[in-house]
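Student: Provided herewith is a single structure, encoded as structure tokens, for subsequent inquiry.
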Amino acid sequence: MYEINCDVAVIGAGPAGLSAAVAAKKEGAGKVLLIERDESVGGILQQCIHPGFGLTYFKKELTGPEYAGRFAEEAEALGAEVLLNSMVLEVLPESNQILCANSEYGMTRVTAKSIVLAMGCRERTRANIQIPGTRPSGIYTAGAAQRLVNRQNAMVGKNVVILGSGDIGMIMARRMSLEGAKVLAVVEIMDFLAGLTRNKVQCLDDFGIPLKLKHTITRIAGSRRVEGVYVAQVDENKKPIPKTEEYIACDTLLLSVGLLPENELTRQAEIEISPVTNGPAVNQYMQTSVPSVFACGNVVHVNDLVDNVTTESLQAGKYAALYAMGQLEGEGREVESVTGNNVRYLCPQRLREEKGAKANLFFRVLAPELDVRIEARCQDRVIASKKERRVNPGEMCSIQIPLDDVTDDVIINVVKEA
Ligand SMILES: Cc1cc2nc3c(=O)[nH]c(=O)nc-3n(C[C@H](O)[C@H](O)[C@H](O)COP(=O)(O)OP(=O)(O)OC[C@H]3O[C@@H](n4cnc5c(N)ncnc54)[C@H](O)[C@@H]3O)c2cc1C
């Protein structure tokens with residue numbers, strides 16, 4: 050077996066892995082190795098040729114490849130190494146080893162002092178949501194269609210219906226329209242948008258594409274190719290309301306019905322997984338339940354903006370480097386971050402007391418609300434609080450909390466302003 054030794058090994062060279070590698074090098078780690086299954090770095094951003102990346106982090110509007118390119122160049126300039134065409138098959142935390150299949154060397158064993166998981170996420174498919182009907186061609190996940198159109202120059206259809214108002218679906222509604230297709234409707238089962246409001250404005254409203262909230266697809270028609278879909282209103286339990294069904298003739302159905310962290314390696318390494326995010330549970334250093342293993346990006350929780358991915362990945366890389374250099378305690382007393390009113394999940398899930406330090410807690414709300422206060426409480430004390438004009442499940446929220454005095458669990462509540 051081909052053998053490689055390094056200080057920090059990063060699995061996945063998307064924006065999360067690239068920024069973790071940059072931070073690890075800047076922190077002083079020796080050999081930092083990015084392991085990537087694709088033939089090039091950049092992850093999902095390679096197919097996101099639209100602008101809208103980097104507004105927070107770079108204060109500049111970049112395309113996906115431009116955003117990833119900045120970190121790829123920096124990682125290379127700092128001396129991070131990349132092993133492309135390498136599919137990681139197993140992570141062995143007890144020996145800090147990674148087994149991967151490399152197209153040139155065959156089976157390869159990487160031994161590292163610390164490991165960063167940055168494998169991203171994958172899309173939910175028709176099988177995940179079980180739409181009845183025939184199984185014709187012309188049904189794609191929105192990301193697969195995006196890859197075909199943007200990277201392989203293959204048009205996927207002419208008359209399109211999109212199920213789900215997630216960001217990828219809305220971005221593909223615009224892309225398909227720009228490529229000459231007719232997007233007939235975006236169908237969303239919830240009574241609110243699943244993605245960013247800015248994407249509704251720029252990708253649906255600007256192109257006159259109807260958004261059907263509180264609707265779902267009940268059946269797909271067509272034998273060889275999709276011929277149409279049946280769309281019905283849903284009740285408060287998300288069950289289709291009889292006699293509200295309408296038929297929309299189309300040749301293509303795109304699914305934008307959620308993303309799932311790529312957590313097979315995490316699960317098999319017996320790293321604790323959050324039942325809500327489906328990604329590894331981490332502390333403020335992005336350290337998992339196995340002290341030598343860190344995690345960042347969409348493998349931890351599905352982020353809306355890549356800028357947030359970068360922020361947490363820089364932390365993961367920094368602390369993975371400190372761990373590799375023997376400068377980060379493996380163990381320590383930790384409290385939990387606890388979801389309170391209108392909070393679906395929190396990341397990081399565990400917090401360690403640290404004098405003079407602060408942590409960004411990222412979270413998503415359960416339901417949209419206007420004029421709220423986000424409040425972090427530890428025992429009877431409010432340790433941080435901020436106002437928000439609007440919160441929405443499709444947009445990630447965050448609050449910065451001091452870690453000086455986290456003597457007990459920290460509860461985050463979203464409360465209506467009086
Ligand atoms: C269609 C779409 C549109 C978006 N639009 C915007 C936008 O306009 N603005 C914005 O800010 N954000 C946007 N985002 C969000 C942003 O792109 C993501 O949050 C970000 O790419 C996540 O980065 P990541 O590194 O965690 O994951 P990824 O980019 O998915 O990278 C993960 C990498 O890990 C590799 N990998 C996985 N498993 C293995 C394995 N076993 N072995 C080796 N390598 C492996 C993959 O090949 C991949 O390269 C969009 C996302 C999508 C999908």
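Okay, so the sequence shown: first residue is 50 according to this note's numbering, each after it adds one.
The beta-carbon is built from N, C-alpha and C at its ideal position, and this holds for glycine as well.
Since the model is a prediction, treat every value here as computed from it, not as a measurement.
Taking just the CA atoms, how far does Cys345 sit from Arg119?
Tutor: Going from the Cα of Arg119 to the Cα of Cys345 covers about 18 Å.
Student: Using a Cβ-Cβ cut-off of 7 Å (strictly less than) and excluding sequence neighbours within five positions of Thr190, which residues of its own chain qualify?
Tutor: Correct list, in chain order: Glu172, Thr174 and Leu304.
Student: Which whole-angstrom value describes the C-beta separation of Tyr394 and Val455, a residue pair presumed to lie in contact below a C-beta threshold of 8 Å?
Tutor: The Cβ separation is near 19 Å, so there is no contact.
Student: Please work out which residues of its chain come closer than 8 Å, Cβ to Cβ, to Leu363, disregarding the five sequence neighbours upstream and downstream, and give them in chain order.
Tutor: Answer for Leu363: Ser68, Ala69, Val71 and Ala72, listed in chain order.
Student: Examine ligand 1 and report whether any of its heavy atoms sits within less than 7 Å of the Cβ of Val358.
Tutor: Under cutoff, so the answer is yes.
Student: Considering just the uninterrupted stretch of the beta strand (DSSP E) at Tyr51, what are its terminal residues?
Tutor: Segment Tyr51 to Ile60, the beta strand (DSSP E) holding Tyr51.
Student: Taking the alpha helix (DSSP H) that Pro114 belongs to, which residues open and close that run?
Tutor: Element bounds for Pro114: Gly113 to Leu127.
Student: Contact defined as beta carbons within less than 8 Å: I believe Asn347 pairs with Val358. What is the distance between those atoms, to the nearest angstrom?
Tutor: The pair is a contact, with the Cβ atoms about 7 Å apart (cut-off 8 Å).
Student: Tell me whether His99, by its Cβ, gets closer than 7 Å to a heavy atom of ligand 1.
Tutor: Yes, the Cβ of His99 comes within 7 Å of a heavy atom of ligand 1.
Student: Could you say which of Leu104, Arg426, Ile220 and Leu127 lies nearest to Lys80 if we only look at CA atoms?
Tutor: Of Leu104, Arg426, Ile220 and Leu127, the residue nearest in Cα terms is Leu127.
Student: Quick check: is any heavy atom of ligand 1 less than 7 Å from the C-beta of Glu311?
Tutor: Because some heavy atom of ligand 1 lies under 7 Å away, the Cβ of Glu311 counts as near it: yes.
Student: Just list the residues that DSSP pairs Asn151 with in beta bridges.
Tutor: In the DSSP output, where bridge partners are listed per residue, Asn151 has Ser135 and Gly155.
Student: Residue range of the beta strand (DSSP E) that Arg426 falls in?
Tutor: Start and end: Glu418 to Cys427.
Student: Quick one: is Ile461 buried, meaning 16 or more other Cβ sit within 10 Å of its Cβ, or exposed?
Tutor: Per the 10 Å Cβ criterion, buried.
Student: Going by DSSP, which residues form a beta bridge with Glu172?
Tutor: Its beta-bridge partners are Leu308.
Student: Mind checking whether Val235 and Met219 have CB atoms under 8 Å apart?
Tutor: Yes, the Cβ-Cβ distance between Val235 and Met219 is below 8 Å.
Student: If you follow the beta strand (DSSP E) that Tyr483 is in, where does it begin and where does it stop?
Tutor: Any answer about residue 483 is impossible in this case: the structure gives the chain only from 50 up to 467.
Student: Give every residue of the same chain whose Cβ lies closer than 7 Å to the Cβ of Leu253, excluding the five residues on either side of it in the sequence, and list them in chain order.
Tutor: Here the set comprises Met219, Ala222, Val235 and Leu260.
Student: Which value, in whole angstroms, describes the spacing of the CA atoms of Glu473 and Ser447?
Tutor: Since the first residue of the chain shown is 50 and the last is 467, residue 473 is not available in this structure.
Student: Flag this pair as touching only if the segment 305 to 321 and the segment 381 to 393 have three or more C-beta atom pairs under 8 Å; answer yes or no.
Tutor: As far as the Cβ criterion goes, the segment 305 to 321 does not touch the segment 381 to 393, which means the pair count is below three.
Student: Could you tell me if the beta carbon of Gly244 falls within a distance shorter than 7 Å of some heavy atom in ligand 1?
Tutor: No, Cβ of Gly244 sits at least 7 Å from all heavy atoms of ligand 1.
Student: Do Pro64 and Leu83 have their C-beta atoms closer together than 8 Å?
Tutor: No, they are not a contact pair.
Student: Taking the alpha-carbon positions, what's the Ala193 to Tyr279 distance?
Tutor: Using only the alpha carbons, I get a separation of about 23 Å.
Student: Compare the beta carbon distance of Leu452 and Leu410 with 8 Å and say whether it is the shorter of the two.
Tutor: It is not a contact, given that the beta carbons lie outside the stated cut-off.
Student: Buried or exposed: which applies to Tyr51, given that a residue is buried once 16 or more other Cβ atoms fall within 10 Å of its Cβ?
Tutor: The residue in question, Tyr51, is exposed, as its Cβ has fewer than 16 Cβ neighbours within 10 Å.
Student: In the DSSP assignment, what are the bridge partners of Tyr279?
Tutor: DSSP, once it has assigned bridges, lists Arg268 and Tyr296 as partnering Tyr279.
Student: Can we count Phe241 as close to ligand 1, meaning its CB is less than 7 Å from some heavy atom?
Tutor: Answer for Phe241: no, Cβ out of range of ligand 1.
Student: Below 8 Å CB to CB, which residues in the same chain sit around Ala416 once its five sequence neighbours on both sides are set aside?
Tutor: These residues qualify, in order along the chain: Phe241, Asn391 and Pro442.
Student: Any heavy atom of ligand 1 inside 7 Å of the beta-carbon of Ser135?
Tutor: Yes, Cβ of Ser135 sits closer than 7 Å to a heavy atom of ligand 1.
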